[in-house]
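Visitor: Per full-length UniProt numbering, the sequence shown starts with residue 1, numbered consecutively. The following block contains the structure, expressed as structure tokens.
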Amino acid sequence: MDFSIPDEIRDMKRTLRNFVDNEVEKYSQQIEEEDKIPQYLIDKAKEMGLFGMSIPEEYGGLGLSMVERCLLLEELGRANMSFTTYIGAHTGIGTTGIVELGSEEIKQKYLPAMASGEKLGAFALTEPDAGSDATNIKTTAVLKGDKWILNGRKHFITNAPEADIFTVIAVTDREKGARGGFTAFVVEKDFPGFSIGTIEKKMGLRGSHTAEVIFEDCEVPVENVLGEVGRGYASALKILSKGRVALAARCVGACDKLVELSARYAQQRIQFGKPIASFQAIQWMLAEMATDTEAARALTYRVAWMVDQGLPVIKEGPMVKLFASEALGRVVDKAVQIHGGMGYMKDFPVERFYRDARITRIYEGTNEIQRMIIANRLLKEFEI
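In structure tokens form, the structure reads like this:
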């Protein structure tokens, strides 16, 4: 494994770090209060090509490898997590299906506008009765002439209110279920029968919006099938596996920022006549935070490298999502503790990070599901 960073990616990391620390951070409190990401930040992200990280160059994207993408997502992870999620959901699960499974016609039609940020992507799998049990989806797709007719309801769909293009998983054969009865589709927000339902009110990630997506005799052209009819469940797993590596990189970036904030605060905060950084209790927390961060980083880049080599990550993808998100949970909890009462105040960014970090153990597959996948794979590998 070679994790040396090409000069052009190193330059992009430096530019992105400057943008995140000096510009995005200035708007964090405004985002919290208004529950909206300023258009200025979105436009700057477009200029930097961030919406095209996962899209090949021939379609207008940056054509980055998984390792290179993670290097940039790590920098984004330092930012307000709603801004990170807005871009990360688009470059991850919002576009991966089209890049990996789309026909050439679909790629030519959608990817250039998605690479530029003109069109925002989203991924619609979860339903009221199908969260961790993704095989229980109820949304149906019935072929009528040259169109598929979709009916059903998705919920907790990140970017849904703003998104233009959705990757949707629906049932095309109830008898076969997940074993040949699910199909993936590309659905535009302007297709007849498509609408956005309730926009959810969440604990954190203010500025990143999650909503219901409703299909009422929604008409989808036959050419908008992603991959093969009946292979939608396998497609969903493939999309999510890469999304989990990207999410891990974002968690690592957040950990980095929290270690930095905590180390600086500990040196400035005076108690008992000296900085709290001089106390062993604080030092041990900082040491554990930094160790968790580095362990998550190492696992993230190993799995990203495996993806780039075309190696299967059936077990490792869930592992990296599980470990990095739980490492972030431990790191942010210690960050609040080091900040003491100030860590509980909205004036300090660690309070926001604490609320925002909690969702990483839930979305893109709960950590309980990740444990089940890992264990099942292990038992198959060492079957007696």
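For every residue, glycine included, the Cβ atom is placed at its ideal position computed from N, Cα and C.
Looking at the structure shown, is V313 part of a helix, part of a strand, or coil, going by DSSP?
Guide: By 1-based counting over the sequence shown, the position of residue 313 is 313. Coil, per DSSP.
Visitor: Alpha carbons only, please: which of G181, M342, A249 is nearest the one belonging to T85?
Guide: Working through the sequence shown from its first residue, we reach residue 85 at position 85. With distances taken between Cα atoms, T85 lies closest to A249.
Visitor: Once you ignore the five residues that flank R369 on each side, which residues in its own chain have a CB closer than 6 Å to its CB?
Guide: Position 369 of the sequence shown, counted from the start, is the residue given in the question as residue 369. Note that residue 369 is Ile in the sequence shown, not Arg. Only S132 meet the Cβ criterion.
Visitor: Could you name the residues of the same chain whose beta carbon sits closer than 7 Å to that of M306, not counting the 5 residues immediately before and after it, in chain order?
Guide: Taking the first residue of the sequence shown as 1, we reach residue 306 at position 306. Taken in chain order, the residues that qualify are V313, E316.
Visitor: Out of curiosity, what's the CA-to-CA distance linking N151 and K138?
Guide: Counting from 1 along the sequence shown, the entry for residue 151 is found at position 151. Counting from 1 along the sequence shown, the entry for residue 138 is found at position 138. Roughly 9 Å separates the two Cα atoms.
Visitor: Under three-state DSSP, which class holds I359?
Guide: Counting from one through the sequence shown, the residue named residue 359 turns up at place 359. Reduced to three states, the DSSP call for I359 is helix.
Visitor: Which of helix, strand or coil does DSSP assign to G121?
Guide: Stepping through the sequence shown from its first residue, residue 121 is reached at position 121. Three-state DSSP puts G121 in a strand.
Visitor: Determine the direct distance from the alpha carbon of G52 to that of M1, and round the result to whole angstroms.
Guide: In the sequence shown, counting from the first residue as 1, residue 1 sits at position 1. In the sequence shown, counting from the first residue as 1, residue 52 sits at position 52. C-alpha separation (whole angstroms): 25 Å.
Visitor: Tell me which residues share the same chain as R302 and place their Cβ nearer than 7 Å to its Cβ, disregarding the 5 neighbours each side in the sequence.
Guide: Taking the first residue of the sequence shown as position 1, residue 302 is located at position 302. Correct list, in chain order: M1.
Visitor: Return the CA-CA distance between V186 and K109, expressed in angstroms with no decimal places.
Guide: What you label residue 186 is simply residue 186 of the sequence shown in a count that begins at 1. What you label residue 109 is simply residue 109 of the sequence shown in a count that begins at 1. Cα to Cα, V186 sits roughly 11 Å from K109.
Visitor: When DSSP labels each residue in this structure, what does L205 get in the three-state scheme?
Guide: Reading the sequence shown from its first residue, position 205 is the one you call residue 205. Of the three classes helix, strand and coil, the one that applies to L205 here is coil, per DSSP.
Visitor: If we count the other Cβ atoms within 10 Å of its Cβ and call it buried at 16 or more, is N376 buried or exposed?
Guide: Sequence index remark: in the sequence shown, residue 376 carries index 376 (1-based). Under this definition N376 is an exposed residue.
Visitor: Taking DSSP's pairing of strands, which residues face K147 in a bridge?
Guide: If you number the sequence shown from 1, residue 147 lands on position 147. The partner list for K147 (beta bridge, DSSP) reads K144, P221.
Visitor: Helix or strand or just coil, what does DSSP make of V229?
Guide: Translated into the one-based positions of the sequence shown, residue 229 becomes position 229. In the structure shown, V229 sits in coil (DSSP, three-state: anything other than H, G, I, E or B).
Visitor: What is the DSSP secondary structure of I169, reduced to helix, strand or coil?
Guide: If you number the sequence shown from 1, residue 169 lands on position 169. In the structure shown, I169 sits in a strand (DSSP, three-state: E or B).
Visitor: Could you tell me if G88 is buried or exposed, where buried requires 16 or more neighbouring beta carbons within 10 angstroms of its beta carbon?
Guide: In the sequence shown, residue 88 corresponds to position 88, counting from 1. So G88 ends up on the buried side.
Visitor: Hey, out of L62, I55, K26, V67, whose CA is closest to S4's CA?
Guide: Counting from 1 along the sequence shown, the entry for residue 4 is found at position 4. It is V67.
Visitor: Starting from E188, trace the alpha helix (DSSP H) in both directions and tell me its first and last residue.
Guide: The sequence position of residue 188 within the sequence shown is 188, counting from 1. Taken as a continuous stretch (DSSP letters only), E188 belongs to no alpha helix (DSSP H), being part of the beta strand (DSSP E) at 182–188.
Visitor: Quickly, what does DSSP pair F215 with across the bridge? List them, please.
Guide: Start at 1 with the first residue of the sequence shown, and residue 215 comes out as number 215. Partner(s): G152, F194.
Visitor: Contact defined as beta carbons within less than 8 Å: I believe H339 pairs with V350. What is the distance between those atoms, to the nearest angstrom?
Guide: As a first step, residue 339 is located in the sequence shown; it is residue number 339 there, counting from the start. As a first step, residue 350 is located in the sequence shown; it is residue number 350 there, counting from the start. Sure, about 5 Å apart at Cβ, within 8 Å.
Visitor: Is it right to say S195 is buried, meaning 16 or more other beta carbons lie within 10 angstroms of its own, or is it exposed?
Guide: For the purposes of this step, residue 195 is taken as the residue at position 195 of the sequence shown. Exposed.
Visitor: Determine which residues share a DSSP beta bridge with T158 and list them.
Guide: Taking the first residue of the sequence shown as position 1, residue 158 is located at position 158. Answer by DSSP bridge pairing, in chain order: T210.
Visitor: DSSP beta-bridge partners for P275?
Guide: The residue given as residue 275 occupies position 275 in the sequence shown. Paired residue(s): I270.
Visitor: When the Cα of V259 is compared with those of E294, I239, S278, which residue comes out closest?
Guide: Here residue 259 refers to the residue found at position 259 of the sequence shown. Of E294, I239, S278, the residue nearest in Cα terms is E294.
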